[in-house]
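Protein chains in written order, with my numbering: chain A, 1 to 248; chain B, 1001 to 1248; chain C, 2001 to 2248; chain D, 3001 to 3248; chain E, 4001 to 4248; chain F, 5001 to 5248; chain G, 6001 to 6248; chain H, 7001 to 7248. Built from N, CA and C at the ideal position, the CB exists for glycine as well. What follows is a single structure, written as structure tokens, with notes after it.
Protein chains: 8
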Amino acid sequence: MDPAKLRTLLDSVRQGQLDVDAAIGQLRDLPYSDLGYAMVDHHRALRQGVPEVIFGEGKTTEQILGIARAIVDHGATCFITRIDDDKAKRVLEVFPDARHAQLARCVTIARSPIAKKGTGTVAVIAAGTSDLPVAEEACETLAALGREHVRLYDVGVSGIHRLLMKREVLATASVLIVVAGMEGALPSVVGGLTDRPVIGVPTSVGYGAALGGLTPLAAMLTSCASGVTVVNIDNGFGAAFAAARMDR
Amino acid sequence: MDPAKLRTLLDSVRQGQLDVDAAIGQLRDLPYSDLGYAMVDHHRALRQGVPEVIFGEGKTTEQILGIARAIVDHGATCFITRIDDDKAKRVLEVFPDARHAQLARCVTIARSPIAKKGTGTVAVIAAGTSDLPVAEEACETLAALGREHVRLYDVGVSGIHRLLMKREVLATASVLIVVAGMEGALPSVVGGLTDRPVIGVPTSVGYGAALGGLTPLAAMLTSCASGVTVVNIDNGFGAAFAAARMDR
Amino acid sequence: MDPAKLRTLLDSVRQGQLDVDAAIGQLRDLPYSDLGYAMVDHHRALRQGVPEVIFGEGKTTEQILGIARAIVDHGATCFITRIDDDKAKRVLEVFPDARHAQLARCVTIARSPIAKKGTGTVAVIAAGTSDLPVAEEACETLAALGREHVRLYDVGVSGIHRLLMKREVLATASVLIVVAGMEGALPSVVGGLTDRPVIGVPTSVGYGAALGGLTPLAAMLTSCASGVTVVNIDNGFGAAFAAARMDR
Amino acid sequence: MDPAKLRTLLDSVRQGQLDVDAAIGQLRDLPYSDLGYAMVDHHRALRQGVPEVIFGEGKTTEQILGIARAIVDHGATCFITRIDDDKAKRVLEVFPDARHAQLARCVTIARSPIAKKGTGTVAVIAAGTSDLPVAEEACETLAALGREHVRLYDVGVSGIHRLLMKREVLATASVLIVVAGMEGALPSVVGGLTDRPVIGVPTSVGYGAALGGLTPLAAMLTSCASGVTVVNIDNGFGAAFAAARMDR
Amino acid sequence: MDPAKLRTLLDSVRQGQLDVDAAIGQLRDLPYSDLGYAMVDHHRALRQGVPEVIFGEGKTTEQILGIARAIVDHGATCFITRIDDDKAKRVLEVFPDARHAQLARCVTIARSPIAKKGTGTVAVIAAGTSDLPVAEEACETLAALGREHVRLYDVGVSGIHRLLMKREVLATASVLIVVAGMEGALPSVVGGLTDRPVIGVPTSVGYGAALGGLTPLAAMLTSCASGVTVVNIDNGFGAAFAAARMDR
Amino acid sequence: MDPAKLRTLLDSVRQGQLDVDAAIGQLRDLPYSDLGYAMVDHHRALRQGVPEVIFGEGKTTEQILGIARAIVDHGATCFITRIDDDKAKRVLEVFPDARHAQLARCVTIARSPIAKKGTGTVAVIAAGTSDLPVAEEACETLAALGREHVRLYDVGVSGIHRLLMKREVLATASVLIVVAGMEGALPSVVGGLTDRPVIGVPTSVGYGAALGGLTPLAAMLTSCASGVTVVNIDNGFGAAFAAARMDR
Amino acid sequence: MDPAKLRTLLDSVRQGQLDVDAAIGQLRDLPYSDLGYAMVDHHRALRQGVPEVIFGEGKTTEQILGIARAIVDHGATCFITRIDDDKAKRVLEVFPDARHAQLARCVTIARSPIAKKGTGTVAVIAAGTSDLPVAEEACETLAALGREHVRLYDVGVSGIHRLLMKREVLATASVLIVVAGMEGALPSVVGGLTDRPVIGVPTSVGYGAALGGLTPLAAMLTSCASGVTVVNIDNGFGAAFAAARMDR
Amino acid sequence: MDPAKLRTLLDSVRQGQLDVDAAIGQLRDLPYSDLGYAMVDHHRALRQGVPEVIFGEGKTTEQILGIARAIVDHGATCFITRIDDDKAKRVLEVFPDARHAQLARCVTIARSPIAKKGTGTVAVIAAGTSDLPVAEEACETLAALGREHVRLYDVGVSGIHRLLMKREVLATASVLIVVAGMEGALPSVVGGLTDRPVIGVPTSVGYGAALGGLTPLAAMLTSCASGVTVVNIDNGFGAAFAAARMDR
């Protein structure tokens, strides 16, 4: 319940148009309708300008399409992550203007151009070519959130010069998303080369002692570079969303 | 080697004052002296205005004092974390103007006032009273880094109203550091109540299935609130440093 | 051996119809036949009024049908969990009056109406839509056990108002089954909003640091809300059975 | 804000004694003051009749005494868990009428007799003598919560007859708290001998593959007896609190 | 090199038929050829009367057939474990007299009857029906090793009377192989009911906290019954082989 | 209730000295008194000739002495494991004829000579000198159980010849207890050199990746030698008890 | 930038052909172009004579072919690891002169003979036949790196004589690569029989407590033989590459 | 038995001085006495010129002194690792010419100068100051083994220039021992800057997600630099011993 509606209710009480018991009834749920940040998710989406997100994994094509239609009908941008090729193809048949980023496993359905937000450029840095699906998920999310971003790929620490040659990017990005599997060392090196926020994204790339991504995850959490923060394994979406929180 | 020195060198070559072989010799280490971000750490510290940090755990009082003296002699602010009461007492005997934050286990030796930085106020939120040492480490670090901050303590999720009564703080802080042990649920709830950057700090508070903090760590990494980032267990320092990166 | 049979035996000894050695032989297995709670499982089922349960996972269609026939022939209600669509279809061909709850992966074969039991209503609460199969397994089990129940879905902690709007349900349910994956924070919040028994059911929803459900499991076990109990990952059946134990 | 106060406020508005803007101001925080379950914890404690609980581990004697005084001054019963002998001795010096249960590591400060609650008797069952501290913590908690309880100790599964001789207790208790370390098998056997609620409490008793209690914890969670629920390792308090939720 | 051959060699040296250098050359490898227990595995097999064993998992049908032919050609009994239905069918086409135990996933190719060995009867005890493949692997192995054995199935601890009714078997078996998944409690109960050797075999039956069999494995290792020994998860073969070592 | 007493009871019924209701009453608890294996543990001990065992760890000196007195008063042999030097000294003051094996951390109080049992000699084999406390615990237990045993120490696999020189011992022992920490490889080598029962005992010797004994434990469980069984980490007592079960 | 180019640049400055600002511009990236070890990977490959390596797992046939063409076009040898049969077949269609080692899952495309390097022979030792794919990957890698190597297969520790008969190989190899799954004991035994470098390669062979190779990995790391080093699970390539570093 | 002794024996047989049965008796243990590498460890030590090593952890001062005396009496060099200050002081009282490296926790007792071995210089590289005890243990071991070595300390990857300035050392060392805790990234960077053997030594430096060294251990095992090998956590001794194997 917004202030205007509350004023109307109270005016009605004052003017005797609404008796006290009825007002108590109406105010009963006021705490929650009055919170404002709440209600249904697409309200928040519309208000904040962020797209509605569908996590596609484990959902049927029908479920995805159903949610997507509800979002698009509300005029919001719909952004689908973790969607495989077959389901994406079906979504594109229904929404021919949707954009499918195959490597990133994302589909964006935007009826109107996505407004640019943020004041800088987010750098998305990936250690190896196997990390690209996660890095691209971050890029697609940043695009859906209206954030400028730049890619810096295949700059793993065993060939440290490749990273050093790009140190201008590291120094000037508004936020740095650093994607790495295996030993997950890249955020530590990057963190030492910039004073900007660094978000580590461990990936499940690797085998054996890589433990499905737990090793780079733990490695990034114990980074010797101060002030590196970390998101879940393979969570390119989460890193991009966090970057958007940082560059409002 | 800064541009001015490089110009001087090249001028000397052009004017025949320095022969080519000698110039090659001098340029040999140029890559690294030219990088600028490098050399000894207190140079970086002085230039960036961040204090020199000593991680006190596992260091003897003598080692801590030795490093502290070197830092203070260079005119930098010295900030010591994870220092126990006995060692802190000795440090204060040597540096009577140092400030000891006992609960936070930190000592700050600042010969000149710490300049204010950043544009907003960082909120430090703690779930329970047992989490306070970690939360206070974050506060002390923010103070040493010149960042405004506000405390919001004992607002664990099993008494959710305590948090909800403070939602203005959540909505307006520049960054939110959320400290919680046990099930580590607080960042998820906070992340749903604000669009600002949220940094989760798991603590080793708890026993049994808390696994020394691994449970809240994993819980925060799998938060259902989008865009929460996480630092290592009990790492209040790292969270504050990350917050400073975010609010430059 | 029930008391009546024991009396008959002893009478026979007294009257000299049975000699002492023969009586010793017959009493040999008395401890166990006398226990009463034992024998074959459908005896217990019939006596206690609970249905016979078949855990379908890892059983062939033939095995499931064979056991189901034996149960139904004894006049008991047969309740099958973790049964996939193909096997369920075959069961329905044989038992056309069976009920298949597809999302819950359960089949109920009840030749007579299931008697209502318990004194209250069990609330089944789920954090996200991906948790619904587990929540529905709980609901189907409650139905098979004759317990009233109410659903409260999609009330995850990152949108805390959705849960708060339903606090009457939380306060009045006889038992609350709280289903959540990822960080598993929901039972902590629910536990703080009610003084009724709360059973946490972690789910395998999530990836990476969710560790296949171990993270919400550990999180629920370390809940900051006092008196929350927990069952195995994805064990909607077990939670419902426990709720039935609590609301006899 | 309770309904009576809300009526007064609205009456004031109707009668023109309070203008609309002032009423909006007063209603601003109504959601949370109106929730009722909230505010400070001892309010809840007094209203629900449960004692205030202090988790003693990691708190100094001064902190424990400070909190205890605040509770006792409010007229509530104070119950302290995980308190070692030295601290307990100090508490008893300050509160000479307090009761110290040494094995249970609990202190109860009750200025008035604790009212009996619940309708039945809770059975506290322990596998071995090493599990007694945890079992006794449960008993002390039950006493503080006003619940009748009975002890059944040293009935581990490797001497199964000891348990079987007590099957009447198992069959008639309102709730069964089953405490076991090592392989944690006791709740499975107990769960098969009763249809009452069974709460498993794994203990850290054992070495090597007992993994500090993780093995009995996991074993109880995978119990082959349907409907057993589990609390954290060594959490006798939590089990008793859960039993009190079940036997209101 | 056996003693007879060594005597011949030394005689040749003494008689001057073999010079010292040649003898040194021949004796060079004597340590190992003289050990006797060594050489190729089917020698050991033939001598000890145990069949040659092929672990079928991860081997192609061709590899299995090749090894089987070599064994059978040497006159030994060939015993294949962990072989799936398709491969077993192919083996039976080539060896029509082979015996395929489908549930046990074993094939036995014995050209001559397997001689009885051992002095007693090994009891193979299984907690639930899902544990039968592992229990049957043990039975098939015992058969191939010529050991008498008896089955005792579906005697899990949540229905303890079923086990107690069979206590004569427990008391008189030469060795007891106890197969159980989930919480793995059965060996503890059995170990308390007999003074014979008890071998626990954890199975991968279960889900979630059963951790693929690690939970019953750890539970059996921490059994409160003294003197229970344990083999690897699902290792029915190893348990039977160990039983044969015990009952020579 | 033993057969003689049962006969007396039934005779009394037959002769009319005991009426049927009274007999039913007396037979009520017959199952358990009739089981024979049950009642109090020292009954079993006396009957089977095994000593009463006290696990000393975590027990106070008073508790140990109390239990020891009860055992000795019953005429049984008392065997205490995991007892530290201070407590052992106190026990010896009370029982001057007790024997303290310091390295094994065991005390034996035997008022009469321990009768020899078993048909062979148990070999206790240890990989390194750090494993000796566990190996000696096994030896002391074997002595208390009346089993012949022989020590074979410091024969780790990195000096394989030391073991090979003792292969006669390996071939002729009735049971082999093989104690090893670190990589736990010794049981695999021993298992290949004998056809007798081999019991692996992993120890907590080692650091880092030895994981407190979990690594040798897992290594022994996956031994490439068929039919090796395993007990818990550092469980020399359990291995010896298992050996006694095997060599009855 | 190599010294020659740097001299040319400085000569140009001296002779006034290049002004100072332009020289500063050209020297800007000198640190990294001057490092020499850097640039693109095939430069390093060509210079050091090592082949370019493609890790085939997770790459499409098109990606593999694209990278392979680029390498071959540069005149370098292309070595592909972890490539399945179908993809290898396609590669051989495009590069008919390529060599496919099926068991090793490797393809080598060498347009010119690979030059022999190193001074000795690397021994590749495998415990069981299931370890051969990993051992063969090591052999293929050694071949691609121009290193002599010898195979020693099926010499697991449960048949220790098989290894001892080959002790000359162990004593004379330049480096020993020891491949073993299950309990991973072989490197310990080998390390005690040679003073040459020993590289342990754990494999994922085994089940249950083998933990997908983590058990032999941890076992090798805690080897009682001094100076054994270890690579990741199944990493035959890495072991061979390390051997080549050791035998330059 | 060495070849000379074998020749003597055979000559005696030939000349009739030793009859065949006696010769068989003497040859009985030949395999093992003939192996040469065997017998007691100090024989090997003396022959290979490596010192006898005592792992001091968990040994009493008396045990250490006893072994040390035996070694020194045989004329060998005695090298003690993991010895704390108090025990070292006692050793120095007995062996006044011993050398105690306090930070390395090592004592060396060399009655004669240690001969130089190897052809190059081993680089010992440490990431942070907390890693120095482990690095120094490696240095002391190298000294005891007669290997030249050079230290390169405090070159962690978050200040990458510090390492790059020393790239000559990396390129020219015979072997590189790289010591790092926390995220353990240093070996990956070093491995990319040299073609020499790189041995990673993870340390237990760090907290929380560092998991006592398991994180850098796993990180090093999954290094993106090819051919890095790894030793156990904190195992500076093992790394140095491996380096000595590599640089014979």
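Bounding residues of the beta strand (DSSP E) (the contiguous stretch that carries residue i)
i                       : result
residue 180 of chain A  : 175-180
residue 5099 of chain F : 5099-5101
residue 1229 of chain B : 1228-1230
Three-state class that DSSP yields for residue i in the structure shown
i                       : result
residue 58 of chain A   : coil
residue 7241 of chain H : helix
residue 7200 of chain H : strand
residue 4149 of chain E : strand
residue 7109 of chain H : strand
residue 4052 of chain E : strand
residue 67 of chain A   : helix
Whole-number beta carbon distance between residue j and residue i, since they are thought to touch under 8 Å
i                       : j                       : result
residue 2155 of chain C : residue 2185 of chain C : With 8 Å as the limit, residue 2155 of chain C and residue 2185 of chain C do not qualify as a contact, their Cβ atoms being about 12 Å apart.
residue 4205 of chain E : residue 4125 of chain E : The Cβ separation is near 15 Å, so there is no contact.
residue 2068 of chain C : residue 2054 of chain C : 7 Å
residue 3213 of chain D : residue 3195 of chain D : Not really, about 28 Å apart at Cβ, beyond 8 Å.
residue 107 of chain A  : residue 88 of chain A   : 5 Å
residue 1120 of chain B : residue 1174 of chain B : 3 Å
Under 8 Å between C-beta atoms of residue i and residue j
i                       : j                       : result
residue 4142 of chain E : residue 4122 of chain E : yes
residue 6014 of chain G : residue 1014 of chain B : yes
Residue span of the alpha helix (DSSP H) that contains residue i, given as start and end
i                       : result
residue 217 of chain A  : 214-221
residue 6160 of chain G : 6160-6164
residue 4139 of chain E : 4132-4144
residue 2127 of chain C : It is not in any alpha helix (DSSP H) - residue 2127 of chain C carries neither H nor E in the DSSP assignment.
Closer than 7 Å at the beta carbon, the chain E residues around residue i
i                       : result
residue 2058 of chain C : 4130
Neighbour list for residue i in chain F, Cβ cutoff strictly below 8 Å
i                       : result
residue 2167 of chain C : Within 8 Å Cβ-Cβ: nothing; residue 2167 of chain C doesn't reach chain F, min ~45 Å.
Within chain C, the residues that residue i reaches when beta carbons sit closer than 8 Å
i                       : result
residue 3213 of chain D : The premise fails here: residue 3213 of chain D is roughly 11 Å from chain C at the closest Cβ pair, so nothing lies under 8 Å.
Neighbouring residues, chain F, relative to residue i (Cβ below 7 Å)
i                       : result
residue 4238 of chain E : 5226, 5227
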